[in-house]
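Have a look at the structure below, then the notes.
Number of protein chains: 2
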Amino acid sequence: MNDEYFMKQAIIEANKALADEEIPIGAVIVMNDKIIARGYNQVEKLNDSTAHAEIIALTSAFNFLGSKYLPDASIYVTIEPCLMCAGALYWSKIGKVVYGADDEKNGSISPNKILAQNKDHWPFHPKTTVVKGIMKTECVELIQNFFRQKR
Amino acid sequence: MNDEYFMKQAIIEANKALADEEIPIGAVIVMNDKIIARGYNQVEKLNDSTAHAEIIALTSAFNFLGSKYLPDASIYVTIEPCLMCAGALYWSKIGKVVYGADDEKNGSISPNKILAQNKDHWPFHPKTTVVKGIMKTECVELIQNFFRQKR
Chain A
3 MNDEYFMKQA IIEANKALAD EEIPIGAVIV MNDKIIARGY NQVEKLNDST
53 AHAEIIALTS AFNFLGSKYL PDASIYVTIE PCLMCAGALY WSKIGKVVYG
103 ADDEKNGSIS PNKILAQNKD HWPFHPKTTV VKGIMKTECV ELIQNFFRQK
153 R
Chain B
3 MNDEYFMKQA IIEANKALAD EEIPIGAVIV MNDKIIARGY NQVEKLNDST
53 AHAEIIALTS AFNFLGSKYL PDASIYVTIE PCLMCAGALY WSKIGKVVYG
103 ADDEKNGSIS PNKILAQNKD HWPFHPKTTV VKGIMKTECV ELIQNFFRQK
153 R
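If you're matching them up, the sequences are chains A and B in order.
Numbering-wise (the numbering used here), the first sequence opens with residue 3 and increments by one.
Numbering-wise (the numbering used here), the second sequence opens with residue 3 and increments by one.
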């Protein structure tokens, strides 16, 4: 199974958020080619502005593994993680971060070119591989359609 | 009641972490001069590398108020928040962040001079007031004693 397969699973999670009228962002965490945790944006439902897809998936993965570090796991998330989520992924020491669409407003890298260009300010863990743009078109459309309908 | 009073309360929380052999970091969230939420580092106990004092206190405050934003609240935390916690505080739109000791290794500002000097890269919300150095000596000693005893 490849990156596209798992990103499709993250999109399925994002659609659960959409069904709840949340900003459609989803994530899955994968180990040994198996999904060990899932999460989708629940900011409105939980009345918690930090209840992002990645945070929910991380908490679930820590609980599932009984481990506070995830060096052998990968997270697939439909949108570029924000600074909070990049920080949470840093602490988890997750092996790989794969995201679909850039987030030029709230992303941890895209709006902060300084962070992205200087390894001393790179927000992810130095041992974490970061891959972007997997199923980008689908991930961008998901968000764009949501905000278009809101207007 | 002043900043020192509430920072002492955060130190009481940090000592609860210490009693559990966790890195002693504590936080309280205050609204209208009353403590509405408390938290201390529970990374080891919860096997969750993101279970920082600030995150636990924030979740508790959101639940208590039934609101995902905290513009009229202040958080008092013994150590400078990390990038994850600064990001979480950003999303909460908290009114004021007060911390004791700088964290030159994992802090969101101290190790990243670029972030601190450029408002485009400032990690906290633009409407959040940040105050540092309240009861600094006590907050520094708390952490230093912990690591000294670990060695």
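For glycine and all other residues, C-beta sits at the position ideal for the given N, C-alpha and C.
Item: How about serine 154(B) and serine 51(A): do their beta carbons lie closer than 7 Å?; Value: It is not possible to answer for residue 154(B), since the shown part of chain B is limited to 3 through 153.
Item: Would isoleucine 76(A) count as contacting chain B if we go by Cβ distances under 7 Å?; Value: The question names isoleucine, but residue 76(A) is serine in the sequence shown. No - not a single Cβ of chain B is within 7 Å of the one on serine 76(A).
Item: So is phenylalanine 64(A) in contact with chain B if we call contact Cβ pairs under 7 Å?; Value: yes
Item: State the CB to CB distance for the pair cysteine 84(A) and glycine 89(B), rounded to an integer number of angstroms; the pair is presumed to be in contact (CB under 8 Å).; Value: 6 Å
Item: Residues in its own chain within less than 8 Å of lysine 18(A) by CB, not counting five upstream and five downstream?; Value: Gly28 and Tyr42
Item: Would threonine 80(B) and alanine 21(B) qualify as a contact pair, given that the criterion is a beta-carbon distance under 7 Å?; Value: no
Item: Name the residues in the region 22 to 43 of chain B whose C-beta lies less than 9 Å from a C-beta of chain A; which are they?; Value: none
Item: Counting only C-beta atoms, is lysine 70(B) closer than 7 Å to chain A at any point?; Value: yes
Item: Quick check: the Cα distance between serine 76(B) and valine 32(B), rounded to an integer number of angstroms?; Value: 5 Å
Item: Measure from the C-beta of threonine 80(B) to each C-beta in chain A and report whether the shortest distance is under 7 Å.; Value: no
Item: List in chain order: all unbroken beta strand (DSSP E) runs of 3+ residues lying wholly within the region 53 to 107 of chain A.; Value: 75 to 81 and 98 to 103
Item: If we ignore side chains and look at the alpha-carbon of each, how far apart do tyrosine 7(B) and isoleucine 25(A) end up?; Value: 40 Å
Item: In its own chain, which residues sit with a C-beta less than 7 Å from the C-beta of glutamate 106(B), not counting the 5 before and 5 after it?; Value: Ser112 and Pro113
Item: Enumerate in chain order the residues of its own chain whose CB-to-CB distance from aspartate 5(A) is below 8 Å, with the five nearest sequence positions on each side excluded.; Value: Tyr78, Val100, Val133 and Ile136
Item: Are any of the Cβ atoms in chain B nearer than 7 Å to that of leucine 20(A)?; Value: no
Item: So alanine 63(A) and alanine 39(A) are supposed to be a Cβ contact under 8 Å. How far apart are they, rounded?; Value: 4 Å
Item: Under a Cβ-count criterion, where at least 16 other Cβ atoms within 10 Å of its own Cβ denotes burial, should proline 73(A) be classed as buried or exposed?; Value: exposed
Item: Go to methionine 137(A), then tell me how far its alpha helix (DSSP H) extends in each direction, as first and last residue.; Value: Element bounds for methionine 137(A): n/a, residue is neither H nor E.
Item: Nearest CA to the CA of tyrosine 49(B): which residue from Ile37(A), Arg150(A), Phe66(A) and Phe149(A)?; Value: Reading off the sequence, residue 49(B) comes out as asparagine, not tyrosine. It is Phe66(A).
Item: Which residues in the same chain have their Cβ closer than 6 Å to the Cβ of aspartate 104(A), if we skip the five residues on either side of it in sequence?; Value: Glu82 and Ser112
Item: Between the beta-carbon of aspartate 35(B) and the beta-carbon of methionine 86(B), is there less than 7 Å?; Value: no
Item: For the alpha helix (DSSP H) containing lysine 10(B), name the first residue and the last one.; Value: 5 to 21
Item: Given this structure, state the Cα-to-Cα distance separating glycine 68(A) from proline 125(B), to the nearest angstrom.; Value: 31 Å
Item: So, for lysine 165(B): in the same chain, excluding its five sequence neighbours on each side, which residues have a beta-carbon less than 7 Å away from its beta-carbon?; Value: A query on residue 165(B) cannot be resolved here, the shown segment of chain B reaching from 3 to 153 and no further.
Item: Take isoleucine 14(B) as the anchor and find which of Gln146(B), Asn147(B), Phe149(B) and Cys141(B) has the nearest alpha-carbon.; Value: Cys141(B)
Item: Here's a check: name, in chain order, each residue in its chain whose Cβ is nearer than 7 Å to the Cβ of aspartate 138(A), leaving out the five neighbours to either side.; Value: Per the sequence shown, the amino acid found at residue 138(A) is lysine instead of aspartate. These residues qualify, in order along the chain: Gly102 and Ala103.
Item: For the beta strand (DSSP E) that isoleucine 111(B) lies in, which residues bound it at each end?; Value: Note, isoleucine 111(B): premise wrong, no beta strand (DSSP E); not H, not E.
Item: Along chain A, which residues have their Cβ under 9 Å away from the Cβ of threonine 130(B)?; Value: Those within 9 Å of threonine 130(B) in chain A number zero; the least Cβ separation is about 13 Å.
Item: Within a Cβ cutoff of 8 Å, which residues of the same chain sit near isoleucine 37(A), ignoring the five residues on either side of it in sequence?; Value: Phe8, Gln11, Val30 and Ile31
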